[in-house]
Amino acid sequence: MSRHRTPLALLVVLTFLGGLTAAAVPDRPGTAPARAAEVRSLLDRRAAALLARDEAAFTADLDPLADAGFRQRQRDLFHNLAAVPLAEWGYRLGDDGTDLSSLTPPAEPTPPADEAWAPGVRLSYRLRGVDVEPSDQGMAYLFTRRGDRWYLNSDTALEPLGRRTWRGPWDFGPCVVHRGPGGFVLSHPGGEVLARRALAELDGAVRAVTEVWGQAWARQVAVLVPSGVEEMRALVGPGFATGAIAGVAVADRVDPATRTARGQRVVLNPDSAGALSPIALRVLLRHEITHVAVRGETADGAPMWLLEGFADYVGYRNSDVPPKRAAPLLAAAVREAPPTGLPRDEDFRGPDLELAYQQAWSLTAYLASVLGEPGLVELYRRLARARTSEVDDLLPELTGWGVAELVEGWRGYLAATFP
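Mind the numbering: the sequence shown is residues 909 to 1327 in the working numbering, read in order.
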């Protein structure tokens, strides 16, 4: 399963919201630029201190009168990041001009400050060996001025105003990193069993995906094992943080011009993935890592049967899992009601989700049998850049068949596969 995360930038730009008033600071020349310069310096100091592992410098700019829980969470954050292989960590201050000098409760600092400011802030970080480009996330920071000095006061005070701080794995506990040639698995104390199982499969999964897709991808993957539902929800979104989903491949965004993706991670559901058999976990990781490899070539709105079917094709390839075991629902359906059309996108979100995945797998396996594996890869590269509504027109150009002919051939393949 794959999910392309919606960037949090929409939550970061605050214009006029109910309860906010105009700036209380007099409009003196240089006031706003000086404030922005001070806060930028504050953010630069914190980033440099974190990379240098200087806890005193990292916490020096925390508001001494801020909530004690926030101050402790920031110290915890510093320690939780100790083992994470960071290549970059920095902050970018937005110039949206928002001034929250006068805030209505519950966002007003306690105790009141001389001035409060909540500009747009973006965290930019890159994981060594995994990220070619940095991941970019929104941070809902509230800054306070006490006398002539600015401090970081809170990262939650703006939540009632609709602004939330992005949370990474390090916000949920100490990070334990298990490394291998194919990347690393990041977990927390207590999650080592699943992390070690995933690491044992990671290098083989990367090789298996590369055998099909080729060398033109990072071939380094970050696999995350959350501590529980709250962290799972933060990493993949509430719609995907369910017990029925064992793993999700996520990304911040895809640049269609360069065909690259940022912030790609494979997130394992600790409950359901932890209960998988060794072969099932192997298939799952190869499926999700396929999404990582092909993400840059995949446009929003591409046909789900192609995206999920191709990932399952790679997942089950050379697995020795018999078709009836890989697709039991489909095996039963072929005898009663064989498919009359291609799987619809909505089928992958409804009650027939499992059957839709099994149909998609068998359809791509059929395509591989008639086009060859290189032909299947080329078909993916072409169709995955199109929308579902364009498939009918593109198929004859790419394969020489219309949809009806494809379905007819697929039904014959199903009859032979599930006699």
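All C-beta atoms, glycine included, are put in the ideal place defined by N, C-alpha and C.
Checklist line | Proximity below 8 Å, CB of S1043 to CB of G1099 | finding: Against a cut-off of 8 Å, the Cβ pair of G1099 and S1043 comes out as no contact.
Check: What is the DSSP secondary structure of V992, counted as helix, strand or coil?
Finding: For V992, the secondary structure class from DSSP, reduced to helix, strand or coil, is coil.
Next item on the list: Tell me whether T1052 sits in a helix, a strand or coil according to DSSP, three-state version.
Entry: The three-state secondary structure of T1052, taken from DSSP, is strand.
Checklist line | DSSP-derived helix/strand/coil call for W997 | finding: Strand at W997.
Check: Is the segment 1201-1218 touching the segment 1272-1291 in the sense that three or more CB pairs, one from each, lie closer than 8 Å?
Finding: Because the criterion of three Cβ pairs below 8 Å is met, the segment 1272-1291 and the segment 1201-1218 touch.
Note to self: Taking the alpha helix (DSSP H) that G966 belongs to, which residues open and close that run?
What the structure shows: Checking the sequence, you will find Phe at residue 966 rather than Gly. Residues 963-967.
Check: DSSP three-state call for R1057: helix, strand or coil?
Finding: In the structure shown, the three-state DSSP call for R1057 is strand.
Item checked: Backbone CA spacing between W957 and A995 [nearest angstrom] -> The question names Trp, yet the displayed sequence has Ala at residue 957. Distance between A957 and A995, taken at the CA atoms: about 14 Å.
Note to self: Within the continuous beta strand (DSSP E) that includes V1158, where are the two ends?
What the structure shows: Per DSSP, V1158 belongs to the beta strand (DSSP E) from 1155-1159.
Next item on the list: Would you mind stating whether G1081 and N988 have Cβ atoms separated by less than 8 Å?
Entry: Cβ distance < 8 Å, so G1081 and N988 count as in contact.
Next item on the list: Report yes if the CB atom of L1001 is closer than 8 Å to the CB atom of A944, and no otherwise.
Entry: For L1001 and A944, yes; Cβs fall inside 8 Å.
Margin query: On the CB-based measure, 16 or more other CB atoms within 10 Å of its CB, does E1119 come out buried or exposed?
Written below: Residue burial annotation: E1119 is exposed, with fewer than 16 other C-beta atoms found within 10 angstroms of its C-beta.
Checklist line | Selected residue, minimal CA-CA separation from D962, among D1160, P1068, A990, R1225 | finding: Considering only alpha carbons, the answer is A990.
Next item on the list: Tell me where the alpha helix (DSSP H) around Q1267 begins and ends.
Entry: That run of the alpha helix (DSSP H) goes 1261-1279.
Note to self: Alpha carbons only, please: which of L1192, R1167, R1053 is nearest the one belonging to A1234?
What the structure shows: Taking only the C-alpha atoms, the option nearest A1234 is L1192.
Next item on the list: Could you say if the segment 1012-1031 and the segment 1049-1062 meet the contact criterion of at least three C-beta pairs nearer than 8 Å?
Entry: Contact between the segment 1012-1031 and the segment 1049-1062 is present, because at least three Cβ pairs lie under 8 Å.
Check: Can L1060 and D971 be called in contact, C-beta distance under 8 Å?
Finding: With contacts defined as CB atoms closer than 8 Å, L1060 and D971 qualify as a contacting pair.
Notebook entry, point to check: From what residue to what residue does the alpha helix (DSSP H) around H1195 run?
Noted result: Annotation for H1195: the continuous alpha helix (DSSP H) segment containing it runs 1186-1202.
Notebook entry, point to check: What do you get for V1328, buried or exposed, if any count of 16 or more other CB atoms within 10 angstroms of its CB means buried?
Noted result: Look at the range of the chain in this structure, 909 to 1327, and you will see that residue 1328 is not part of it.
Notebook entry, point to check: With W1213 and L1238 assumed to form a contact (beta carbons below 8 Å), what rounded beta-carbon distance in angstroms separates them?
Noted result: The distance from the Cβ of W1213 to that of L1238 is about 13 Å, inconsistent with a contact at the 8 Å cut-off.
Next item on the list: Could you pull the start and end residues of the alpha helix (DSSP H) that T1307 belongs to?
Entry: Start and end: 1299-1307.
Next item on the list: Evaluate Q1045 with the Cβ neighbour count: other Cβ atoms within 10 Å of its Cβ, from every protein chain shown; 16 or more gives buried, anything less gives exposed.
Entry: Buried: at least 16 other Cβ atoms inside 10 Å.
Item checked: Residue nearest to Q1266 in terms of C-alpha spacing, selected from F966, W1121, H1195 -> The residue with the shortest Cα to Cα distance from Q1266 is H1195.
Check: What is the DSSP secondary structure of A1024, counted as helix, strand or coil?
Finding: If DSSP states are grouped into helix, strand and coil, A1024 belongs with the strands.
Item checked: Beta carbon of V1200 nearer than 8 Å to that of V1144 -> No, these two residues do not count as a Cβ contact at 8 Å.
Item checked: First and last residue of the uninterrupted alpha helix (DSSP H) at L1110 -> For L1110, the enclosing alpha helix (DSSP H) begins and ends at 1100-1121.
Item checked: Paired residues, beta bridge with Q1045 - DSSP -> Among the bridge pairs identified by DSSP, Q1045 is matched with L1031.
Next item on the list: Take the Cβ of S1095 as the centre, count every other Cβ of all protein chains shown within 10 Å, and call the residue buried at 16 or more, exposed below.
Entry: By the neighbour-count rule (16 or more Cβ atoms within 10 Å), S1095 is buried.
Next item on the list: For A1324, I'd like the list of residues in its chain whose CB is within less than 6 Å of its CB, leaving aside the five on either flank, ordered along the chain.
Entry: For A1324, where only same-chain residues beyond five positions count, there are no Cβ hits under 6 Å.
Margin query: If the criterion is Cβ atoms closer than 8 Å, does the pair R1075 and A1142 meet it?
Written below: Contact check for R1075 against A1142 passes: the beta carbons are separated by less than 8 Å.
Next item on the list: Output the distance between the C-alpha atoms of D969 and R1115, rounded to the nearest integer angstrom.
Entry: Looking at the two C-alpha atoms, the distance is approximately 45 Å.
Check: Sorted by chain position, which residues of the same chain lie with C-beta nearer than 8 Å to A1152's C-beta, five sequence neighbours on each side aside?
Finding: The residues are S1180.
Notebook entry, point to check: Can you tell which of R1127, E1023, V1040, G977 has its C-alpha closest to the C-alpha of T1064?
Noted result: Measuring C-alpha to C-alpha distances from T1064 to each of R1127, E1023, V1040, G977 identifies G977 as the nearest.
Note to self: By the three-class DSSP mapping on this structure, what secondary structure does F1092 have?
What the structure shows: In this structure, DSSP gives F1092 an extended state, which the three-state scheme calls strand.
Check: Do you know offhand how far V1409's Cα is from I1197's?
Finding: For residue 1409 there is no data in the structure shown, the boundaries of the chain being 909 and 1327.
Check: Which class does R1170 belong to by DSSP, given the choice of helix, strand or coil?
Finding: The DSSP-derived three-state label of R1170 is strand.
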